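Using the working numbering, read the sequence shown as starting at 525 and increasing by one per residue. Where a beta carbon is used, it is the ideal one built from N, C-alpha and C, also for glycine. Here the structure is a predicted model, which means the values were calculated and not measured. Report on the structure given below.
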Amino acid sequence: MKILVHICCAPCAVFCFPRLREEFDEVMGLWYNPNIHPFEEYQKRLEAVRKWAQKTGIRVIYEDKYELKEFLREVVYRESYRCRICYYLRFKKAAIFARRGRFDYFGSTLIASPHQNQNLIKDVAKSVGEEFRVKPYLKSFRKGWRESRELSKSMGLYHQQYCGCIYSEEEKFKSRVAECQ
Numbered sequence: 525m526k527i528l529v530h531i532c533c534a535p536c537a538v539f540c541f542p543r544l545r546e547e548f549d550e551v552m553g554l555w556y557n558p559n560i561h562p563f564e565e566y567q568k569r570l571e572a573v574r575k576w577a578q579k580t581g582i583r584v585i586y587e588d589k590y591e592l593k594e595f596l597r598e599v600v601y602r603e604s605y606r607c608r609i610c611y612y613l614r615f616k617k618a619a620i621f622a623r624r625g626r627f628d629y630f631g632s633t634l635i636a637s638p639h640q641n642q643n644l645i646k647d648v649a650k651s652v653g654e655e656f657r658v659k660p661y662l663k664s665f666r667k668g669w670r671e672s673r674e675l676s677k678s679m680g681l682y683h684q685q686y687c688g689c690i691y692s693e694e695e696k697f698k699s700r701v702a703e704c705q
């Protein structure tokens with residue numbers, strides 16, 4: 525069996541991929557993250573994934589288009605749905621590539637992060653799977669998140685401080701300001 529896994533960041537991928545290799549005959553990654561802001565942050569995360577993939581021998585498809593404008597067009601005036609929209613955009617891309625590549629499943633490393641809404645991830649993945657006729661892989665890797673962080677640090681990989689989108693960046697800085705007051 526084959527699986528194509530959307531990669532949100534290297535720290536989340538570090539734990540997921542070795543476990544997926546135990547379960548699947550072929551495991552391939554997909555880098556596509558139109559939500560990440562600013563461009564410098566996007567570049568840091570992309571380079572961390574490249575470094576990790578090179579060290580581990582994981583094959584990754586790099587859909588390296590900085591499509592922030594497209595992401596914002598989808599989200600603006602619908603900010604309360606931004607995570608659903610963001611998951612949809614990334615899972616849609618993964619499902620399209622998975623279908624073209626004749627993968628049995630598509631998944632995402634997003635499911636490893638305790639900062640992401642697992643129920644929403646699963647709902648959107650199921651919907652996308654039905655839409656594109658590719659099975660979503662929904663097993664949670666959240667229990668390995670701490671180990672993933674430690675392992676990725678030992679590999680010298682970049683660790684981001686927020687989800688990636690401009691809205692989560694704002695929330696991060698607002699909470700820091702509130703803590704200081």
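TODO: Tell whether a beta-carbon distance below 8 Å holds between alanine 537 and tryptophan 576.
DONE: Cβ distance < 8 Å, so alanine 537 and tryptophan 576 count as in contact.
Open item on the list: Could you check whether tyrosine 629 and isoleucine 531 sit closer than 8 Å to each other, using their CB atoms as the reference points?
Closed with: No, the Cβ-Cβ distance between isoleucine 531 and tyrosine 629 is not below 8 Å.
TODO: Determine the direct distance from the alpha carbon of aspartate 588 to that of alanine 572, and round the result to whole angstroms.
DONE: Their Cα atoms are separated by approximately 13 Å.
Open item on the list: Quick check on the DSSP output: what are the complete alpha helix (DSSP H) runs of length 4 or more inside the segment 534-614, in order along the chain?
Closed with: Inside the segment 534-614, DSSP marks whole alpha helix (DSSP H) runs of 4 or more residues at positions 534-547, 563-580, 592-599, from first to last along the chain.
Task: Range covered by the beta strand (DSSP E) that runs through proline 653 - done: The sequence given here places glycine at residue 653; proline does not occur at that position. Note, glycine 653: premise wrong, no beta strand (DSSP E); alpha helix (DSSP H) at 642-656.
Task: Other residues of its chain near arginine 657: CB distance less than 8 Å, five sequence neighbours each side excluded - done: By the criterion of a C-beta distance shorter than 8 Å, arginine 657 is surrounded in its chain by Arg623, once the five residues flanking it on both sides are discounted.
Open item on the list: Once DSSP output is grouped into helix, strand and coil, what is the label at serine 637?
Closed with: In the structure shown, serine 637 sits in coil (DSSP, three-state: anything other than H, G, I, E or B).
Task: With 16 other Cβ atoms within 10 Å as the buried cut-off, status of proline 558 - done: That one is buried.
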